[in-house]
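Reviewing the structure listed below.
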């Protein structure tokens, strides 16, 4: 009985003590507990952060997977649009190229409008390193005959060697077997021009009169002699004069007006051996 | 039948070379100099099939080229025919198994063909003689042909021996015994 009375007193005292402790803690400022809070947070927060990151990631992936099919559709649409645009670009480039060729024809026609001319494409260039004969896409059915003069936008190209019904072979002035009778524009001195081996932009002028003064950049044009080329067609300009010990052997280099490497379109003059009023120069 | 197929193959090879020369090799050049694959083709015919075929194909292909792009008919035919005949004599004198021999024959054939054509142009049209420009162009052309010969050597050898077995009816060993 005594033992029970004593145990009851101790229980009452502990209960009172716990009550007082609860009252004190509940009325305490929480800021004063931040140290303990931090210590506890340090233990759990990294783990919590990791778990939250994984959770968010899973939610994000889920969105990604759901969007794949939509993105694929968009991608297909864009590819199709890109393909359509590329096709349009190609068509535009072709139209532009055709337009340039037609402009070239119109320019050529205007320059030589007093003469009956036939425009033509170059369809074949020479396969040899030692000659320069081209084939054009007009022939006897278009009224082309041998020895007709062939010109381009900037000047003389050559003459027709032979024809078939639909094509014509043209010997260019840069072929080593070609000789052109020409005159210097300022002094009107007569010279002979020959093609040079392996050179598609320069002619060699020989038979220069001993007393002739040759000016650099002087224009050179056909003389009309020889019966093939009409008079007055521009050939090129004097590039360099080479003096030799013997004045009769001196010669000059003439730069052709036509770029034979890039030549694509030409005009065949049907008239033969007459003077041309060339408006280009 | 197999011989006929070989002949058809040669004609096809000629046209392939023609279009390559007229299109691809007009811009794929060494300092503006094109190779001459026709020489290699005619040489191949002369070396592996024989001088008669080399001569005939040389004449036919030469006339065709003269008609299409040449200025006078005959000179290319004559020079190709010479290369075709020369092929068999080279075959008798040298071994075709050596890559170097093939290269040397390509060099010699290219030089003979182009010098012949050049001399003809000097005589026929009186073109001014320009030795140095001609030699520099010729050397570049020979170099180009040799390089192409090296590249095409396995094809030349393989097809050549097959054609040789058909037309000459001999094995490689017979020449040594």
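Residue numbers (our numbering), protein chains in the order written: chain A, 494 to 774; chain B, 301 to 477.
In this text, a Cβ means the ideal position worked out from N, Cα and C, and glycines have one as well.
Only a predicted model underlies this, so the values are computations on that prediction, with no experimental measurement involved.
Legend entry - Alpha-carbon to alpha-carbon, residue 317 (chain B) and residue 311 (chain B): 10 Å
Legend entry - CB contact flag (residue 713 (chain A), residue 735 (chain A), <9 Å): no
Legend entry - Secondary structure of residue 670 (chain A), DSSP reduced to three states: coil
Legend entry - Among B:336, B:304, B:347 and B:313, nearest to residue 448 (chain B) - alpha-carbon criterion: B:336
Inset, instruction - Assess, as a yes-or-no matter, whether the segment 383-402 of chain B is touched by the segment 348-361 of chain B under the definition of 3 or more beta carbon pairs within less than 8 Å. - result: yes
Inset, instruction - Note down the Cα distance separating residue 689 (chain A) from residue 755 (chain A), rounded to an integer number of angstroms. - result: 18 Å
Legend entry - Residue nearest to residue 715 (chain A) in terms of C-alpha spacing, selected from A:656, A:657 and A:649: A:649
Inset, instruction - Spell out the partners DSSP gives residue 749 (chain A) in its beta bridges. - result: A:729
Legend entry - Within the segment 400-474 of chain B, ranges of the alpha helix (DSSP H) (whole runs, at least 4 residues): DSSP runs (the alpha helix (DSSP H)) wholly in the segment 400-474 of chain B: 431-467.
Inset, instruction - To the nearest angstrom, report how far apart residue 543 (chain A) and residue 499 (chain A) are at their CA atoms. - result: Taking the straight line from one Cα to the other gives about 54 Å.
Inset, instruction - Report the partner residues of residue 714 (chain A) according to the DSSP bridge assignment. - result: A:676 and A:727
Legend entry - residue 368 (chain B): first and last residue of the uninterrupted beta strand (DSSP E) it sits in: Here residue 368 (chain B) belongs to no beta strand (DSSP E); instead the alpha helix (DSSP H) covers 351-369.
Inset, instruction - Could you check if residue 619 (chain A) is buried or exposed, using at least 16 other CB atoms within 10 Å of its CB as the buried criterion? - result: Its Cβ being crowded by 16 or more others within 10 Å, residue 619 (chain A) is buried.
Inset, instruction - State yes or no: is the C-beta of residue 585 (chain A) nearer than 8 Å to some heavy atom of the ligand ZN? - result: Within the structure as shown, the ligand ZN is missing, as the structure has no ligands at all.
Inset, instruction - Just tell me which of A:615, A:758, A:652 and A:589 has its CA closest to the CA of residue 721 (chain A). - result: A:652
Legend entry - Where residue 688 (chain A) sits in the DSSP three-state scheme: Strand at residue 688 (chain A).
Inset, instruction - Verify whether the separation of the beta carbon atoms of residue 642 (chain A) and residue 751 (chain A) is less than 9 Å. - result: no
Legend entry - Collapsed DSSP secondary structure at residue 769 (chain A) in the structure displayed: Because residue 769 (chain A) carries a pLDDT of 47, less than 50, the predicted location of this residue cannot be relied on, and no value is offered for it.
Inset, instruction - Look at the alpha carbon of residue 457 (chain B) and the alpha carbon of residue 409 (chain B), and state the distance between them as a whole number of angstroms. - result: 17 Å
Inset, instruction - Along the alpha helix (DSSP H) that carries residue 377 (chain B), what are the first and last residues, could you check? - result: 375-393
Inset, instruction - Assess, as a yes-or-no matter, whether the segment 736-751 of chain A is touched by the segment 694-711 of chain A under the definition of 3 or more beta carbon pairs within less than 8 Å. - result: yes
Legend entry - Supposed contact pair residue 441 (chain B) and residue 369 (chain B) - C-beta distance, whole angstroms, cut 8 Å: With a Cβ gap of about 17 Å, residue 369 (chain B) and residue 441 (chain B) do not count as contacting.
Inset, instruction - Express the C-alpha separation of residue 587 (chain A) and residue 565 (chain A) in angstroms, rounding to a whole number. - result: Answer to the nearest angstrom: the Cα atoms are 33 Å apart.
Legend entry - Straight-line Cα distance separating residue 454 (chain B) from residue 463 (chain B): 14 Å
Legend entry - Selection from B:430, B:417, B:392 and B:445 that minimises the alpha carbon distance to residue 407 (chain B): B:445
Legend entry - chain B contacts from the segment 646-676 of chain A (Cβ-Cβ distance under 8 Å): 654, 662, 664, 669 and 670
Legend entry - Backbone secondary structure at residue 654 (chain A) - three-state DSSP: strand
Legend entry - Short Cβ contact (9 Å threshold) for residue 759 (chain A) with residue 670 (chain A): Not a contact, by the Cβ cut-off of 9 Å.
Inset, instruction - Flag this pair as yes or no: are the beta carbons of residue 306 (chain B) and residue 349 (chain B) separated by less than 9 Å? - result: yes
Legend entry - residue 614 (chain A) - containing alpha helix (DSSP H), residue span: Residue 614 (chain A): not part of any alpha helix (DSSP H); member of the beta strand (DSSP E) spanning 610-617, first to last residue.
Inset, instruction - In angstroms with no decimal places, state the Cα-to-Cα distance between residue 343 (chain B) and residue 377 (chain B). - result: 14 Å
Inset, instruction - Would you mind sorting residue 414 (chain B) into buried or exposed? The rule is 16 or more other CB atoms within 10 Å of its CB. - result: buried
Inset, instruction - Identify whether residue 623 (chain A) lies in helix, strand or coil by the three-state DSSP scheme. - result: Reduced to three states, the DSSP call for residue 623 (chain A) is coil.
Legend entry - chain A within 9 Å of residue 341 (chain B), Cβ atoms only: no
Legend entry - Sequence-distant residues of its chain with Cβ nearer than 7 Å to residue 494 (chain A) (five each side left out): The predicted model places residue 494 (chain A) with a pLDDT of 48, which falls under 50 and marks its position as unreliable; any figure quoted below should be read in that light. Excluding sequence neighbours, residue 494 (chain A) sits near nothing in its chain.
Inset, instruction - Check each residue of the segment 609-638 of chain A: if its Cβ is closer than 8 Å to any Cβ of chain B, include it; give the result in chain order. - result: 617, 618, 619, 620, 621, 622, 623, 624, 626 and 628
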